[in-house]
Amino acid sequence: MLHEALYSAIVCLAVFLGYRFARYRLSSELFLAQQVKPLLNRLKRISGASEPAEICGHEIQGLDAFLQQLAFQHDLLKDVVQTISEGILILQNGAILFVNQAVMKMLNIPGGLEQWHGRPFLEFCRHLTVQNGLAAWQNYKEKQVVVLELQTAVLEVEICGIANDSLVLLLWRDITPISNAEAHGRELVANVAHQLRTPITVIRGYAETLLDNESCDAAALKRFLEVILRNSKRLSRFIEDILTIAMLDSKGLTQKEEMSLDELLKSVLEMAGEEARAKGVRIQVQNELKHDLLLSASSLLEQAVFNVLHNAVKYTKPDSMVRVVVTAFNERVILRISDQGPGIPKEMQRLVFERFFRMSDGPASQIPGSGLGLAIAKEVIVAHGGSIYVESEGNGRGSTFVMELPLSMSE
Ligand code: ADP
110 MLHEALYSAI
120 VCLAVFLGYR
130 FARYRLSSEL
140 FLAQQVKPLL
150 NRLKRISGAS
160 EPAEICGHEI
170 QGLDAFLQQL
180 AFQHDLLKDV
190 VQTISEGILI
200 LQNGAILFVN
210 QAVMKMLNIP
220 GGLEQWHGRP
230 FLEFCRHLTV
240 QNGLAAWQNY
250 KEKQVVVLEL
260 QTAVLEVEIC
270 GIANDSLVLL
280 LWRDITPISN
290 AEAHGRELVA
300 NVAHQLRTPI
310 TVIRGYAETL
320 LDNESCDAAA
330 LKRFLEVILR
340 NSKRLSRFIE
350 DILTIAMLDS
360 KGLTQKEEMS
370 LDELLKSVLE
380 MAGEEARAKG
390 VRIQVQNELK
400 HDLLLSASSL
410 LEQAVFNVLH
420 NAVKYTKPDS
430 MVRVVVTAFN
440 ERVILRISDQ
450 GPGIPKEMQR
460 LVFERFFRMS
470 DGPASQIPGS
480 GLGLAIAKEV
490 IVAHGGSIYV
500 ESEGNGRGST
510 FVMELPLSMS
520 E
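Be aware that the sequence shown starts at 110, since it is given in this note's numbering, and climbs by one per residue.
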């Protein structure tokens with residue numbers, strides 16, 4: 110008799126366990142600790158104490174193993190749920206049944222998880238977007254996805270019913286990087302369109318004028334063609350810059366090779382020479398090195414240095430001087446390029462290295478450009494292990510761009 114009673118007690122316990130575990134999976138550890146373990150211990154005591162109970166000892170052992178496995182799975186589940194970067198929040202009748210650490214972090218809510226258990230969701234999150242999503246789920250019982258824009262992050266919240274819609278599951282995802290990338294993409298398209306519009310409009314306008322005025326004299330024809338040529342050069346420079354930026358983003362630097370510093374300087378001086386002569390600008394080079402040095406450089410390094418020198422020529426006053434001073438210190442070559450242009454105010458000195466940044470007022474804003482030259486220079490120089498910064502007092506007192514480049518290891 111005792112044997113049968115014990116056996117049915119075990120079966121009932123197993124059914125009860127399965128039911129409770131399925132319903133309260135997340136609080137099973139507590140449940141096991143508080144209710145089932147003492148029951149099991151009692152059963153074990155009985156089975157050890159009486160003869161017929163020993164017959165069903167192996168069922169008790171099986172149940173014990175089952176319970177341990179449940180507890181293990183519970184711990185595992187708990188660890189996973191607390192470790193994942195996705196936020197999980199479960200509601201029961203508008204109150205919080207479960208919330209993981211990720212949600213607290215995303216919403217920047219201080220305090221422990223336990224203190225929120227059983228509290229109304231409205232106290233936890235007052236954002237209207239989420240509350241509206243929740244109301245929509247309650248009305249239509251259909252999955253809702255809402256996007257919550259916080260000051261520092263963008264979150265996507267998926268709201269759906271679980272356990273036959275008796276509970277509501279809110280899944281939180283931080284989509285800030287995706288949203289930033291999308292915004293960045295939109296900004297890029299707008300910037301590119303803006304940069305292309307001016308030269309294309311000028312080229313088109315002058316070409317149409319030429320077509321309409323067949324009797325145009327030779328001097329006017331030359332002037333018009335020069336404008337067309339200047340703007341086509343501006344277009345192709347811009348496209349080159351965009352391609353360089355795209356290459357830096359996708360592949361990074363091309364392979365590095367040893368490059369002579371003298372060769373690099375000669376090449377960039379040649380490239381900047383034509384524009385300098387046209388503007389009456391003299392480029393003075395003061396090389397304080399006793400002998401040539403080797404740099405470990407990709408072909409883009411030449412373009413980076415040229416962009417800085419080209420800017421100096423572009424922004425300096427006509428008929429003024431640009432100075433290039435070359436020194437070395439601590440295994441690094443230091444290039445200082447100074448001009449006699451408008452200068453760059455202190456608060457703008459970090460911004461000029463941002464992609465597409467152009468000064469919105471002052472003399473420099475009158476000179477056409479893409480806002481990519483210094484961004485490319487900085488990205489390339491930093492990728493070579495070097496650095497670049499600008500020194501300037503602003504107010505027409507010129508600028509000095511300082512580039513530090515590491516020497517090749519074999520130097
Ligand atoms: P841009 O094609 O417009 O010259 P850059 O990225 O090379 O683009 O430069 C960004 C902005 O920084 C320029 O639009 C200009 O306002 C400012 N700038 C760059 N170099 C100088 C300089 N040597 N003197 C004064 N302003 C400069």
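All C-beta atoms in this analysis are idealised placements derived from N, C-alpha and C, irrespective of residue type, glycine included.
Original post:
Excluding the five sequence neighbours on either side, which residues of its own chain have a C-beta within less than 6 Å of the C-beta of P454, listed in chain order?
Top reply: G503
Original post:
Can a CB atom of chain B be found closer than 8 Å to the CB of A299?
Top reply: Within the model displayed, chain B is absent; a lone protein chain is all it includes.
**OP:** Please list, in chain order, all residues of the same chain as V499 whose beta carbon is under 8 Å from its beta carbon, the five residues on each side excluded.
**Re:** I453, Q458, V461, S508, T509, F510 and V511
Subject >> Residue of Q449, L483 and Y424 minimising C-alpha distance to P477 >> reply: Y424
Original post:
Comparing the CB of N289 with every heavy atom of ligand 1, is any distance shorter than 7 Å?
Top reply: no
Subject >> Supposed close pair I354, L179 - CB separation, criterion 8 Å >> reply: The pair is not a contact, with the Cβ atoms about 56 Å apart (cut-off 8 Å).
Original post:
Ends of the beta strand (DSSP E) at Q253?
Top reply: Q253 to E258
Original post:
Is the closest heavy atom of ligand 1 to the C-beta of Y498 under 7 Å?
Top reply: No, the Cβ of Y498 stays beyond 7 Å of every heavy atom of ligand 1.
Subject >> Bounding residues of the beta strand (DSSP E) (the contiguous stretch that carries A437) >> reply: M430 to F438
Original post:
By the 10 Å Cβ neighbour count, where 16 or more other Cβ atoms means buried, how is N248 classified, buried or exposed?
Top reply: exposed
Original post:
Is the distance from the Cβ of L404 to the Cβ of L516 below 8 Å?
Top reply: yes
Subject >> CA-to-CA distance, R235 to I268, given in whole angstroms >> reply: 16 Å
**OP:** Measure how close the beta-carbons of V422 and A473 come, nearest whole angstrom, since I'm counting them as under 8 Å.
**Re:** Not really, about 13 Å apart at Cβ, beyond 8 Å.
Subject >> Other residues of its chain near Q201: CB distance less than 7 Å, five sequence neighbours each side excluded >> reply: Result list for Q201: L276, in chain order.
Subject >> Own chain, CB closer than 6 Å to I312, minus 5 neighbours either side, in chain order >> reply: I337 and N340
Original post:
Taking one C-beta from the segment 385-395 and one from the segment 430-443 each time, how about it: are there three or more such pairs within less than 8 Å?
Top reply: A contact exists between the segment 385-395 and the segment 430-443.
Subject >> Per DSSP, cross-strand counterpart(s) of R391 >> reply: M430
Subject >> Q224 versus F207 - alpha carbon distance >> reply: 11 Å
**OP:** Report the option in L418, G294 and L185 whose CA atom is closest to the CA atom of S447.
**Re:** L418
Original post:
Cβ-heavy atom distance between M468 and ligand 1 below 7 Å?
Top reply: yes
Subject >> Whole-angstrom C-beta distance between A413 and I485, which should lie under 8 Å >> reply: 6 Å
Subject >> Closest by C-alpha distance to L367, when choosing among S407, F415, F466 and E251 >> reply: It should be noted that the sequence gives Glu, not Leu, for residue 367. The residue with the shortest Cα to Cα distance from E367 is S407.
Subject >> Assigned secondary structure, Q304 (DSSP; H/G/I helix, E/B strand, else coil) >> reply: helix
Original post:
Are the beta-carbon atoms of V435 and E397 separated by less than 8 Å?
Top reply: yes
Original post:
By Cβ distance below 8 Å, which residues in the same chain neighbour L370 in space, the five residues on each side in sequence not counted?
Top reply: Within the same chain, L370 has close Cβ partners L398, D401, L402, L403, L404, V435 and V442.
Original post:
Looking only at C-alpha atoms, which of R228, L216 and A328 sits nearest to V239?
Top reply: L216
**OP:** Assign G171 to one of two classes, buried (16 or more other C-beta atoms within 10 Å of its C-beta) or exposed (fewer than that).
**Re:** exposed
Original post:
Counting only runs that start and end within the segment 355-386, where is the beta strand (DSSP E) found for 3 or more residues in a row?
Top reply: 366-369, all fully within the segment 355-386.
Subject >> Reference A262; option with closest CA among H493, I218, S288 and P451 >> reply: S288
**OP:** Evaluate N273 with the Cβ neighbour count: other Cβ atoms within 10 Å of its Cβ, from every protein chain shown; 16 or more gives buried, anything less gives exposed.
**Re:** Burial state of N273 is exposed, judged by a 10 Å Cβ sphere holding fewer than 16 other Cβ atoms.
Subject >> Contact test: V461 Cβ vs ligand 1 heavy atom, cutoff 7 Å >> reply: yes
Original post:
In three-state DSSP terms, what is S194?
Top reply: coil
Original post:
How about F230 and A211: do their beta carbons lie closer than 8 Å?
Top reply: no
Original post:
Between the Cα of W246 and the Cα atoms of R228, V266 and F233, which residue gives the shortest distance?
Top reply: Looking at the Cα atoms, V266 is the closest of the given residues.
Original post:
What is the residue span of the beta strand (DSSP E) that W281 lies within?
Top reply: L276 to D283
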